[in-house]
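Single-structure report; data block below.
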Amino acid sequence: MRARDIPITAWIGMAGIVLAVICAIFAPLLAPYSETEVVGAVWQPADQQFFFGLDNLGRDILSRLIYGARTTLFVALAATVISFSLGIMLSFIAAVTGGIVDTVFSRFNDLMMSIPTLIFALVVLAVLPQHLIVLILVMAILDSTRVYRLGRAVALDVAVMEFVEAAKLRGEGTTWIIFREILPNTLSPLLAEFGLRFAFSILFLSTLSFLGLGIQPPTADWGGMVKENKDGIIFGISAALVPGSAIAALAVCVNLVVDWLLKRTSSLKGGRGDA
Amino acid sequence: MLETSNHLLSVRNLKIEATSYPPGEPPKRITIVDGVSFDLQRGKVLGLIGESGAGKSTIGLSALAYGRGGAEITGGEVSLNGSDILTLGKGGIRSIRGAKVCYVAQSAAAAFNPAHKLGDQVIEASVKHGLMTKEDARKRALYLFRVLGLPNPETFGDRFPHQVSGGQLQRAMTAMALCSNPELIVFDEPTTALDVTTQIDVLAAIKHAIEETGTAALYITHDLAVVAQISDDMMVLRHGKTVEYGSVQQIIEAPTQDYTRALVNVRQEIRHEAPDQSKPLLKVDNISAQYSNGFKVLHGVSLHLCKGQTLAIVGESGSGKSTLARVITGLLPPSDGKITFEDKPLTPSLKSRPRDDLRRIQLIYQMADTAMNPRQTVRDIIGRPLTFYYGLRGSAKTARVAELLDQIEMGNGFLNRYPAELSGGQKQRVAIARALAAKPELILCDEPTSALDPLVAEGILKLLMKLQEEQQLSYVFITHDIAIVRAIADSVAVMHRGKLVRFGPKSQALSPPFDDYTDLLLKSVPEMEIGWLERVLTTRRMESAGN
Amino acid sequence: MSNPPETGTLPGLRFRSRFPLLALILERFLLSLALLLAVSVLIFGGIEALPGDFASTYLGQSATPQAIANIRADLGLDRSVVTRYFEWLGGAVQGDFGTSWASKNSVSEQVGNRLGNSLFLAAFAAIIAVPLAVGLGMLSVHFRNRMPDKIINVISLAAISLPEFFIGYLLILWFAVNFGIATFPATVFDGMGFFDRIKTIALPTATLVLVVLAHMMRMTRAAILSVMSSAYMETAELKGLSAWRAIVKHAAPNALAPIINVVALNLAYLVVGVVVVEVVFVYPGMGQYMVDAVTVRDMPVVQACGLIFAAVYIFLNMLADILAIVANPRLRHPR
Chain F
1 MRARDIPITA WIGMAGIVLA VICAIFAPLL APYSETEVVG AVWQPADQQF
51 FFGLDNLGRD ILSRLIYGAR TTLFVALAAT VISFSLGIML SFIAAVTGGI
101 VDTVFSRFND LMMSIPTLIF ALVVLAVLPQ HLIVLILVMA ILDSTRVYRL
151 GRAVALDVAV MEFVEAAKLR GEGTTWIIFR EILPNTLSPL LAEFGLRFAF
201 SILFLSTLSF LGLGIQPPTA DWGGMVKENK DGIIFGISAA LVPGSAIAAL
251 AVCVNLVVDW LLKRTSSLKG GRGDA
Chain W
1001 MLETSNHLLS VRNLKIEATS YPPGEPPKRI TIVDGVSFDL QRGKVLGLIG
1051 ESGAGKSTIG LSALAYGRGG AEITGGEVSL NGSDILTLGK GGIRSIRGAK
1101 VCYVAQSAAA AFNPAHKLGD QVIEASVKHG LMTKEDARKR ALYLFRVLGL
1151 PNPETFGDRF PHQVSGGQLQ RAMTAMALCS NPELIVFDEP TTALDVTTQI
1201 DVLAAIKHAI EETGTAALYI THDLAVVAQI SDDMMVLRHG KTVEYGSVQQ
1251 IIEAPTQDYT RALVNVRQEI RHEAPDQSKP LLKVDNISAQ YSNGFKVLHG
1301 VSLHLCKGQT LAIVGESGSG KSTLARVITG LLPPSDGKIT FEDKPLTPSL
1351 KSRPRDDLRR IQLIYQMADT AMNPRQTVRD IIGRPLTFYY GLRGSAKTAR
1401 VAELLDQIEM GNGFLNRYPA ELSGGQKQRV AIARALAAKP ELILCDEPTS
1451 ALDPLVAEGI LKLLMKLQEE QQLSYVFITH DIAIVRAIAD SVAVMHRGKL
1501 VRFGPKSQAL SPPFDDYTDL LLKSVPEMEI GWLERVLTTR RMESAGN
Chain U
2001 MSNPPETGTL PGLRFRSRFP LLALILERFL LSLALLLAVS VLIFGGIEAL
2051 PGDFASTYLG QSATPQAIAN IRADLGLDRS VVTRYFEWLG GAVQGDFGTS
2101 WASKNSVSEQ VGNRLGNSLF LAAFAAIIAV PLAVGLGMLS VHFRNRMPDK
2151 IINVISLAAI SLPEFFIGYL LILWFAVNFG IATFPATVFD GMGFFDRIKT
2201 IALPTATLVL VVLAHMMRMT RAAILSVMSS AYMETAELKG LSAWRAIVKH
2251 AAPNALAPII NVVALNLAYL VVGVVVVEVV FVYPGMGQYM VDAVTVRDMP
2301 VVQACGLIFA AVYIFLNMLA DILAIVANPR LRHPR
């Protein structure tokens, strides 16, 4: 894999992700103002001093955007990592064990998936206390159903291959079969799926925050910032669109990288590049 | 006869190229066919023969001015009735396809549209090209169904592709090709995917139909014996180039090229039968087995194998021969019966089998591609059993792997290669080395050569025999190929629909008196002898007349 | 996969071997019913099992034990879970979802009106999105790997990544505020004329169309491509058929089933997309009703809305599966 084989779209995607990560890590150093400090008039337009202008309370939008990257990335990433670990672990156990374990896991997963994710989240968040950990766990568990479905399909594809049977015939244990025989052969599609789930987590978190059920103020978070500034739209004030664009741009960047990963996976298999 | 105008199809200096896209590398231009020329007269059949990648299908499709999967005809001429079809425009080519030249694919099951009735698909080209009315086309289809020996020809056309068997579909595809009364038909391995007892019927039907309708044909196959039955002339191809071109008789009886000679002489007997011993190594006693859905696959099979010998299990797809191997390995515990190995009973299920029992019985698969983890190097693949069974690590392991590579006639230059970097034959050799690494007493070989080209397969068989001599190995060799059985077996088991129909030393099992199925099986295997098909068909007709 | 004749003695199996298609559809239907029942248990029971006492949430910090007990009795929370579940389910089946804790009004009355509004919006979006998506998908296949296809690919990839509310506000800013050619908020009321109604929902509809279009188009493209690369399309070409006939006669009947499936799946997606779009445009539909109820923890409303959304979603998925079954020639013409 040489650098020049990576398409320009994937480079753009990676650059965008790196930028967001830098903002998240070095937020206190990069942000000109603090997250909650009121520095001027409500919805003050952009000028030399305030690059994106001020928000509905007179806080600097650029600063909140940079701090927001922190919250948004952290929550989305945490949810994705948990959902991924959970989904992959359960799906691989189901695929390798088979039988009753597989049936029970898979039927329950079907049940969870028969309720639309957003609706499920709304019902659950209506009961649970508003807390960051709760939010991350709800997002992770709901998302893990999608990971489970893909993980099981991918693992089954590999588990029926003869080299896995050969390992069983040799007398290898389940751990060896999962980690040494199956996992190395599923890394590519799983990596792409991780990106896809991450992009989805960003959008999902933003949607929940926008509906007022995600990150609670005054902590800055991109979806929440849209909600705070949405009333300005009618007066032609585009403050809400700045964090909106940030969400869209980050999701586009992740998807560009995923698209490249998916194409690479299919060409490695010698399959067609489309679909 | 030397005048060009007499030739229906005349191919001159054909060159076909394609662009391949290897992952992580710049696109490469590859030549599939290079400078091939031949002539075909009306009503004659030319056989194109070669191993996979010889370019035979690509040449066949060039008669329809078609390049599959990005293949492009970049040079030469393909003249039909004296005019070059490669220079025709789209419309011109379309008026030839399906009207003057028709195509029969290897997999009729995929080539028929699942959404339409067979009859409609058979007559479609004739009607759309305006060659006949719908009624006339239906009449012709009915006539062809009869000629091809399809059951219930009157109603056969009303059925959908998934409602008929594979052999019938292949015949229906032949009917589709013949329907428009074409001057030339391209048969692309039409019987390769069929079982041997089905193949002879389809082959006979095709031959009869060609004679009856007087069409010319290009017959593409990898099986020399099949070509000998159906063709007048034959061309041997390798790596896109002509190796030898002449009449079938000349090539089979007096080949001039080394490659052709090797093909003709493939699978002479390698091993002479060893005598049966009183104490068998493996004893299978009244084994029955069924799938988890209750479908019974094996019914009371009993057989045995002596140390240092080869037991060949022969049968068609669905005969239960591979299932028997799975039962012996413990992958599918039997529902009844027992298996003894060196006088001790084997635990039915894999999970409860002691590690040393697992070590002593190894399995070699048909597809070496899928039998090896693509993410492991040759060193890892062969080395794992060494670590697992013998605790070898580090340099001791590497030394032993190198020794094993030596035994399979591959150097230790292959140590760090991945399976994808090996040829088909090399992969199968590595699979053999992996089995040897466990120092087994018994190796189950599940059709290890049937996915390989004949000469490569020959090399693998010779290797297996050499290893048997050196290490006193015993083999259970599962195959559908009688020629292999003749070449390597000591004892033979014939299976049919889950039952053992014949078992004994090779000399007895393959000599008369036969049971009905073994008789049919042996008589269905094409022999490399001109006129064999007619002879078999005549005997059959006489037998059925006598009954 | 036909059953061996000797097992056909049981009545169920005999029905199955005689009407395999009908049996499959019936099976799929019963599965959906079971799924819906399980979902109702999950929605009701899940809420019960989760921590957090409603009565204390309901009253806030100032709750005295006496007040909490009163409220619990008032809301019927002092009875057993099983009793309440069956009362709730029995009511739900008859269209009675109880009374809202917040407004003390009948939930069903509120839901009835709003469900109509939501379905109208979703249906209107579907009427525009489906032909557009299928058409663009075909266009993309036709220009496969050439410029138009690549442009469509990049744009649709971007569209998938845009959050619904972002598209919504962008459209509002441009069309309602800057150009003043559309209305915001999208308030509809009873007795409103059909054309006024359509004019009002123009922006929310456009948002929904943009949201589902990209997904539907990409899936349509993949479905058509897999049909076009099959061996029978090569057969059609080698028969010398015209490209038009090959597509109409040979590709279309086989591509129809996967495309119908794609459409049904995306309609299910539309149902969820409606929630956010309604909040953005202050449209009086189910989605907004549910989000408001969640914010004030009005459980009867949340349960009712959750169940109804899940039911619509399950129904559309079932429809997709059944259409796929019906369109499969192997099942339509059994051996």
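Chains as they are written, first to last, in our numbering: chain F, 1 to 275; chain W, 1001 to 1547; chain U, 2001 to 2335.
Where is the CB? At the ideal position from N, CA and C, for every residue including glycine.
Just so it is clear, the structure is predicted and the values come from calculations on it, not from any experiment.
- In the DSSP annotation of this structure, the continuous segment of the beta strand (DSSP E) that includes L1218 of chain W starts and ends at A1216 to T1221.
- Within the stretch 1002 to 1073 of chain W, complete alpha helix (DSSP H) segments of at least 4 residues are found at 1056 to 1062, given in chain order.
- Close to chain W, meaning a Cβ-Cβ distance shorter than 7 angstroms, is no residue of the stretch 70 to 82 of chain F at all.
- When secondary structure is reduced to three states using DSSP, G244 of chain F falls in the helix class.
- Look at the stretch 182 to 197 of chain F: the residues with a C-beta under 7 angstroms from a C-beta of chain W are P184 and N185.
- Here the alpha carbons of F108 of chain F and V2081 of chain U stand approximately 22 angstroms from one another.
- Measuring C-alpha to C-alpha distances from T72 of chain F to each of F:E181, F:D259, F:L135 and F:F120 identifies F:L135 as the nearest.
- Separation of S1491 of chain W and L1473 of chain W (C-alpha to C-alpha, rounded to the nearest whole angstrom) is 15 angstroms.
- For the stretch 2013 to 2046 of chain U, the residues whose beta carbon sits under 9 angstroms from a beta carbon of chain F are, in order, S2032, L2035, L2036, A2038, V2039, L2042, I2043 and G2046.
- Contact annotation: in the stretch 112 to 134 of chain F, residues whose CB is within less than 9 angstroms of a CB in chain U are M112, S114, I115, P116, T117, L118, I119, F120, L122, V123, V124, L125, A126, V127, L128 and P129.
- A2243 of chain U is classed as exposed because its beta carbon has fewer than 16 other beta carbons within 10 Å across all chains shown.
- Among the residues of the stretch 222 to 241 of chain F, none has a Cβ less than 8 angstroms away from any Cβ of chain W.
- Distance from the Cα of K1506 of chain W is smallest, within the candidate group W:K1523, W:D1516 and W:A1483, for W:A1483.
- The criterion of a C-beta distance shorter than 9 angstroms is satisfied by A239 of chain F and D55 of chain F.
- Between N1286 of chain W and chain F, the shortest Cβ-Cβ separation is not below 9 angstroms.
- For N2254 of chain U, the residues of chain W that pass the 9 angstroms Cβ criterion are N1113, P1114 and A1115, in the order they occur in the chain.
- Contact holds between the stretch 179 to 192 of chain F and the stretch 158 to 165 of chain F, because three or more Cβ pairs, one in each stretch, are under 8 angstroms apart.
- Along the stretch 2304 to 2334 of chain U, going in chain order, the ones with a CB nearer than 7 angstroms to a CB of chain F are G2306, F2309, A2310, Y2313 and I2314.
- A1175 of chain W sits close to L1148 of chain W, with the two beta carbons spaced by under 9 angstroms.
- In the three-state reduction of the DSSP assignment, A1312 of chain W falls in the strand class.
- In this structure L261 of chain F is in contact with L191 of chain F, their Cβ atoms being roughly 6 angstroms apart against a cut-off of 8 angstroms.
- Beta-bridge annotation (DSSP): E1244 of chain W is paired with W:V1236.
- Burial is judged here by how many other beta carbons sit within 10 angstroms of a residue's own beta carbon; D1446 of chain W has at least 16 and is buried.
- When C-alpha distances from L2238 of chain U are compared across W:F1187, W:A1312 and W:T1192, the shortest belongs to W:F1187.
- Taken in chain order, the members of the stretch 1335 to 1366 of chain W whose beta-carbon sits within less than 7 angstroms of a beta-carbon on chain F are L1350, R1355, L1358, L1363 and Y1365.
- For G1337 of chain W, the uninterrupted beta strand (DSSP E) segment begins and ends at D1336 to F1341.
- In the structure shown, Y1103 of chain W falls within a strand segment according to DSSP collapsed to helix, strand and coil.
- When the beta-carbon positions are compared, V2282 of chain U and A2293 of chain U stay at least 9 angstroms from each other.
- Residues of the stretch 2220 to 2244 of chain U with a C-beta atom less than 8 angstroms from some C-beta of chain W are S2230, A2231, Y2232, E2234, T2235, A2236, E2237, L2238, K2239, G2240, L2241 and S2242, listed in chain order.
- Across the set F:N255, F:K230, F:T103 and F:D221, the C-alpha of F:D221 shows the shortest separation from the C-alpha of E35 of chain F.
- Annotation: the stretch 15 to 44 of chain F contains the following complete segments of the alpha helix (DSSP H) (minimum length 4 residues), in chain order: 27 to 30.
- The C-beta separation of L1118 of chain W from A1065 of chain W comes to about 27 angstroms, leaving the pair out of contact by the 8 angstroms criterion.
- With a beta-carbon spacing of about 7 angstroms, V1284 of chain W and H1304 of chain W fall inside the 8 angstroms limit used to define contacts.
- In the DSSP assignment, the residues bridged to C1445 of chain W are W:I1364 and W:F1477.
- The distance from the Cβ of A2126 of chain U to that of L2267 of chain U is about 6 angstroms, consistent with a contact at the 8 angstroms cut-off.
- Comparing C-alpha distances from E1543 of chain W to each of W:D1195, W:A1205, W:D1519 and W:A1402 shows the shortest one belongs to W:D1519.
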